[in-house]
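Worksheet for the structure shown next.
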Amino acid sequence: MTRTRPHRFEPIVSGNSLLRKCGPNLLLLVLLFAQALAYASSGSSGGDALRPNILFAISDDQSYAHTSFAGSRFVNTPAFDRIAEEGVYFSHCIAGSPGCAPSRSALVTGRHHWQNEQSGQHASAWLKQYVPFVDEIRRNGYFVGRTGKGVGPFQYARGASDDLWREEDAAGPELSEIRFDDEGREDTRRTTRLSPTDYFANFESFMSKRPSGVPFFFWYGGSEPHRRYEEGAWRRLGKKLADVDVPDFLPDNEVIRGDLLDYAIEIEWFDQHLMRMLRYLEEAGELDRTIVIVTSDNGMPFPRAKANGFDYGIRVPLAIRYPKAFPGGRIIDDPASFVDFAPTILELTGTQPLEMLPMTGHSFAEALRSNKSGSGVLENEYAFSGRERHSSSRYKNWGYPQRAIRSEKHLLIWNAKPERWPAGAPQRIDPEQANSLLPLYGLDAAGKHVSEWAFTDIDASPSKSYLVENYDDEEDGAYFWHAVGKRPEFELYDVSADPYCLSNLAGTSDYAGLEAKLKKALFAELRETNDPRVVGADKEVFDSYLRYSPMREFPAPEELQR
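Under my numbering, think of the first position of the sequence shown as 91, with each following residue one higher.
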């Protein structure tokens with residue numbers, strides 16, 4: 091398909107000098123004031139009354155199965171459930187990546203992360219040319235703000251020398267000043283590891299600054315359920331081990347169940363703030379004039395989930411409510427793609443993208459407005475996902491490149507570098523002694539796992555430590571190798587029958603036709619979207635992008651030592 095590049099123009103607000111001279115808090119007030127002036131001078135209040143508000147809520151590391159609407163017995167999410175019950179629930183929403191930064195990049199640009207250079211890679215720089223939809227709707231008269239985690243982790247401009255980099259977070263101006271740890275405020279957090287940001291209070295503050303009659307876009311970016319957690323908080327908060335549904339790629343024991351309950355507590359905290367926002371809007375008479383979108387950026391922070399192309403890494407919750415135009419009580423089973431969010435929101439807000447680069451995604455606004463449920467509602471037969479680098483986990487900061495294609499019932503994963511360790515190297519160089527290696531698998535002399543020492547694409551957790559410390563166990567050792575062992579170049583799963591992606595069907599005669607079909611569709615998409623891993627002159631360019639987060643040193647892989 092031929093795509094036309096839109097013309098360019100200068101943004102209506104620039105904070106270069108203000109940021110350097112006045113600091114972020116004053117800059118925020120100036121930006122909000124500038125927005126208000128722009129709205130006041132536009133004289134478009136009549137049209138504004140017809141345009142919907144948008145509340146965009148995105149959690150951090152939540153798999154699709156972990157809402158009470160989806161049937162979870164150990165996670166209670168009444169706010170999400172209300173949006174799903176009264177709106178449209180997408181049973182197969184596929185994140186742009188199993189990691190936060192590339193996934194959020196795809197979401198706000200409408201482009202696969204591999205199309206966005208550094209601005210699609212974890213902890214790299216965000217370049218100015220990758221304009222998010224948030225900028226476009228702000229230019230079109232929306233009052234814009236966010237609280238909590240935005241589009242990151244990325245390195246935004248630090249000063250005048252970073253003139254190619256974007257200054258403001260791609261999710262919009264931040265309002266996170268109100269915190270639970272502020273002097274004199276009551277701290278109602280349920281555990282010690284929950285974010286100190288009072289998301290609802292900051293939303294309430296944003297709404298108080300909104301000019302009368304002007305539509306708003308608010309990004310609620312919860313830091314939950316990203317690790318770390320207060321280990322064992324489930325005990326004092328009344329959670330029950332018996333309620334937990336343990337996915338089959340993890341051993342079923344008290345350590346894993348307790349870790350999952352601590353994860354559930356964090357999801358519920360995110361949901362509680364969302365519920366307060368919904369009640370606020372309802373009391374103000376604004377809820378039914380607001381499109382509410384609730385999702386997550388990638389799957390749960392457990393071994394073989396987050397940072398992996400399996401379903402528990404890329405399949406996330408998604409529910410959208412807008413009773414004025416979207417018939418509710420529906421479930422759509424077609425694969426929904428993160429690259430479709432940007433064009434959909436632009437259409438729903440009546441915004442023409444004047445600065446954004448050409449988008450790969452397509453609007454699904456028509457499907458939202460329809461009465462249709464089930465399959466065949468969206469244009470998509472497939473959704474696509476992928477990853478490169480996650481943490482600093484291998485020699486020379488190499489990643490583990492994956493590309494995935496997901497239909498309603500099947501998942502094909504291309505592991506472009508099957509010789510690499512998918513969860514990170516099993517051993518790192520001792521930061522205190524450059525010529526020495528830390529113990530294999532990160533096990534200290536007492537047999538206890540030190541998470542920073544090995545497999546660092548898996549977040550530190552009791553679940554990870556249990557797997558590593560029991561790597562040679564007759565029964566549980568298999569879970570360790572499922573999580574960290576090297577994988578074949580292609581993996582194919584019938585996720586309708588094997589949701590935990592444990593039975594690889596690639597290379598089997600019964601599935602040869604399906605495998606060939608999915609490979610053809612995957613590589614056609616990668617070629618059409620100019621993925622450097624397939625069509626680039628430098629297929630290793632992703633490994634060259636700088637990482638602006640802490641680095642680790644690892645020994646060269648065996649093939650380079652020969």
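Where a beta carbon is used, it is the ideal one built from N, C-alpha and C, also for glycine. Note that this is a predicted model, so its numbers are computed, not measured.
- Excluding residues up to 5 positions away in sequence, L145, I173, R411 lie with their Cβ nearer than 6 Å to the Cβ of V382 in the same chain.
- Here the segment 490-509 makes contact with the segment 603-622; the two share three or more CB pairs at distances below 8 Å.
- Separation of the CB atoms of S526 and D520 is rounded to 4 Å, and the pair is thereby assigned contact status at 8 Å.
- By DSSP's assignment, I227 forms no beta bridge with any residue.
- Assignment of beta strand (DSSP E) within the segment 561-636, counting only whole runs of 3 or more residues, yields 580-584 in chain order.
- For the pair R275 and M367, the Cα-to-Cα distance works out to about 20 Å.
- Its Cα nearest to that of S463, the residue G177 stands out among H156, G389, G177.
- Taking C-beta atoms under 8 Å as the contact rule, A457 and L468 qualify, at a distance of about 5 Å.
- In the three-state DSSP reduction, I268 falls in the coil class, being neither helix nor strand.
- By the 16-neighbour rule on beta-carbons within 10 angstroms, L350 is buried.
- Leaving aside the five residues that flank S465 on each side, the residues in its chain whose CB is nearer than 7 Å to its CB run, in chain order, D423, D424, E498.
- Close CB contacts of F416 within its chain, under the 7 Å cut and outside five residues either way in sequence, are with G177, V178, I410, L458, R459 (chain order).
- Looking at the DSSP output, Y310 shares a beta bridge with A147, T237.
- By the neighbour-count definition (other C-beta atoms within 10 Å, threshold 16), S149 is a buried residue.
- Uninterrupted beta strand (DSSP E) stretches at least 3 residues long and entirely within the segment 454-519 occur at 473-477, 492-496, 500-505, given in chain order.
- Distance from the CA atom of R269 to the CA atom of A147, rounded to whole angstroms, is 19 Å.
- In the DSSP assignment, T385 falls within the unbroken beta strand (DSSP E) covering 380-386.
- Taking a 10 Å sphere around the C-beta of L530, we find fewer than 16 other C-beta atoms and assign the residue as exposed.
- The shortest C-alpha to C-alpha distance from H212 to any of A196, K218, V224, F570 is the one to A196.
- Taking 9 Å as the cut-off, the beta carbon of F159 is found closer than this to the beta carbon of P407.
- In this structure, K576 sits away from E649, with a CB-CB distance that is not shorter than 9 Å.
- Looking at E579, R317, P491, P305, the one whose alpha-carbon comes closest to that of P393 is R317.
- Contact fails between the segment 286-300 and the segment 322-340, because fewer than three Cβ pairs, one in each stretch, are under 8 Å apart.
- Between A374 and N388, the gap from beta carbon to beta carbon reaches 9 Å or more.
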